[in-house]
Amino acid sequence: MSDDDWFERALREGADGETDADDADPDEREQRDDGETDGSPESDAVADPAYEPSEDSPESGAGGVGEPLSFDDRAPFDGDDDRFDGDDDPFSTDFATAFENAPMPDAGGGLGGAQSDDEFGFGPDPGESEPPAFDDEELDSDIDRIDIGIEGLDDMILGGVPERSLMVTIGSAGTGKTTFGLQFLRKALEDGDSGVYITLEESRERILDTADEKGWEFSKHEAEGRLAVVDLDPVEMANSLSSIRNDLPRLVEEFGADRLVLDSVSLLEMMYDHPSKRRSEVFNFTRSLKDAGVTTMLTSEADQSNPYVSRHGIVEYLSDAVFVLQYVRNDDFRETRLAIEIQKIRDANHSRETKPYELTNEGISVYQQANIF
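Just so it is clear: in the sequence shown, position 141 is 146 by my numbering, and no numbers are missing.
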């Protein structure tokens, strides 16, 4: 099996609902869920200087993005050799047949309720009978447009986001980036479309359980062949990013995916130690997503010193739309609130106000009629 096939088998397993995650070593799964990866300062892999590899961690080689790690006990990596040797790549997983037998999309449904502005504790701005208005003239355009699928936020985007856009949601821990991505994908599934969710942070089972708990029936949609949830290790994805870029447009077209989510691009960026390498790899990867013709949502960690920019300051310049999730604290620190801002959407009119939102078990609701304080 060629070294270009491992990603294809991973996506097949996501689409078919099969995984060997339960057979994986618990310590390995725990490290993976915590975002820990192996690497060496001599390679382009794993840029986190605070990480110290354990005694059992394989050493990363010099050159390129580093030697790949060997995961003998978990799919989709079943190679016998833990080093590259010509065509004997340890990433010998077959990703090509990921969506061969996926059925045509069926309709799905069910939309959870949301609390009102008064229940959330926000009211109209004193002295104003209506919220501040923005340019509500929709663009005269033939571009097909879609809704994000988040109540209140879609009202802030007049006419919807152009299809096949590349979007990014930026936020610090706990602001709801993963929920944002799941809700974005849920909208496609409810409309009878198909989607792919690639996670570099959580296990496939965790993503399905999270969505099912919210009543979004991701497991059902996966069984119907309209959803593929794929969990990948960021180190292995970085080491095989070239083949993934080449295969992704074809596989998305074969599966018939209308929306794709990658959670999160920050972990992929961390695999490259040199800024120039990081920028070129992320640029080429985002370009492959645009070539795939699928509407894509990336999630990204916010910079620690500036909540309005991503951790490495790259993806917002490559994206067609940028959403910023952040904490807002008033002067007396009695209450912390969440707020969303639309930084940009190409070819669309949108509000530039910062609006509060609530993160509940039913998902994200943006309160367009309310103000922060």
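Where a beta carbon is used, it is the ideal one built from N, C-alpha and C, also for glycine.
Separation of residue j from residue i, as counted between CA atoms
i: V371; j: D159; result: 9 Å
i: G154; j: K295; result: 21 Å
i: H355; j: I347; result: 8 Å
i: L303; j: G230; result: 22 Å
i: K192; j: S199; result: 10 Å
i: K282; j: M242; result: 15 Å
i: G368; j: G157; result: 12 Å
i: S245; j: L16; result: 14 Å
i: T365; j: D217; result: 14 Å
i: V166; j: R150; result: 5 Å
i: D336; j: N376; result: 16 Å
i: R351; j: A297; result: 19 Å
i: N289; j: R250; result: 8 Å
i: N311; j: T359; result: 16 Å
i: D196; j: E340; result: 37 Å
i: V164; j: K349; result: This sequence places Gly at residue 164; Val is not what is there. Taking the straight line joining both Cα atoms gives about 14 Å.
i: S387; j: L253; result: Residue 387 lies beyond the range of the chain shown here (6 to 378); nothing can be said about it.
i: E274; j: D147; result: 35 Å
i: T215; j: T183; result: 10 Å
i: D179; j: S248; result: Per the sequence presented here, residue 179 reads as Gly, with Asp not at that position. Each residue's alpha carbon lies about 33 Å from the other.
i: D325; j: G261; result: 22 Å
i: Q5; j: M161; result: The structure shown has nothing for residue 5, since the chain only spans 6 to 378.
i: S170; j: Y322; result: 13 Å
i: G181; j: R211; result: 15 Å
Collapsed DSSP secondary structure at residue i in the structure displayed
i: K360; result: strand
i: D160; result: helix
i: H3; result: Coverage of the chain is limited to positions 6 through 378, which leaves residue 3 absent and any answer about it impossible.
i: E258; result: helix
i: S199; result: coil
i: G176; result: strand
i: R342; result: strand
i: L205; result: coil
i: S310; result: coil
i: M276; result: coil
i: I350; result: strand
i: N315; result: The question names Asn, but residue 315 is Ser in the sequence shown. S315: strand per DSSP, three-state reduction.
i: S271; result: helix
i: S248; result: helix
First and last residue of the uninterrupted alpha helix (DSSP H) at residue i
i: Y322; result: V320 to L323
i: E156; result: Note, E156: premise wrong, no alpha helix (DSSP H); not H, not E.
i: L237; result: Unbroken run through L237: none, as it is neither H nor E.
i: V287; result: P280 to D296
i: E210; result: R209 to E218
i: S224; result: F223 to A228
Neighbourhood of residue i by C-beta, 8 Å cutoff - its chain only, sequence neighbours within 5 removed
i: L213; result: F223, S224, E227 and V234
7 Å Cβ shell around residue i - same chain, five flanking residues per side excluded
i: L194; result: G113, G200, H226, R231 and L232
i: E286; result: L246 and Y277
i: E206; result: G40, D268, S269 and L272
i: D236; result: T204, E207, S208 and R209
Start-to-end residues for the beta strand (DSSP E) that takes in residue i
i: T180; result: From DSSP, T180 is part of no beta strand (DSSP E); its letter is neither H nor E.
i: L267; result: R264 to D268
i: E334; result: Checking the displayed sequence, the identity of residue 334 turns out to be Arg instead of Glu. From DSSP, the beta strand (DSSP E) with R334 extends over A326 to R334.
i: V371; result: G368 to V371
Own chain residues within Cβ distance below 6 Å of residue i, not counting five before or after
i: R342; result: V333 and P361
i: D308; result: V314 and R316
i: E168; result: D149, I151 and T300
i: R264; result: L190, A193, G200 and T300
i: D306; result: A small fix is needed here, since residue 306 is Glu in this sequence, not Asp. These residues qualify, in order along the chain: S271 and R316.
i: V266; result: G186, L190, Y202 and M302
### Query
For the region 184 to 195 against the region 308 to 318, are there 3 or more C-beta pairs whose distance is under 8 Å?
no
### Message
Under 8 Å, with one C-beta from each stretch per pair, do the region 219 to 226 and the region 249 to 268 reach the 3-pair mark?
### Response
no
### Message
Quick check: the region 167 to 180 against the region 323 to 337, are at least 3 beta-carbon pairs closer than 8 Å?
### Response
yes
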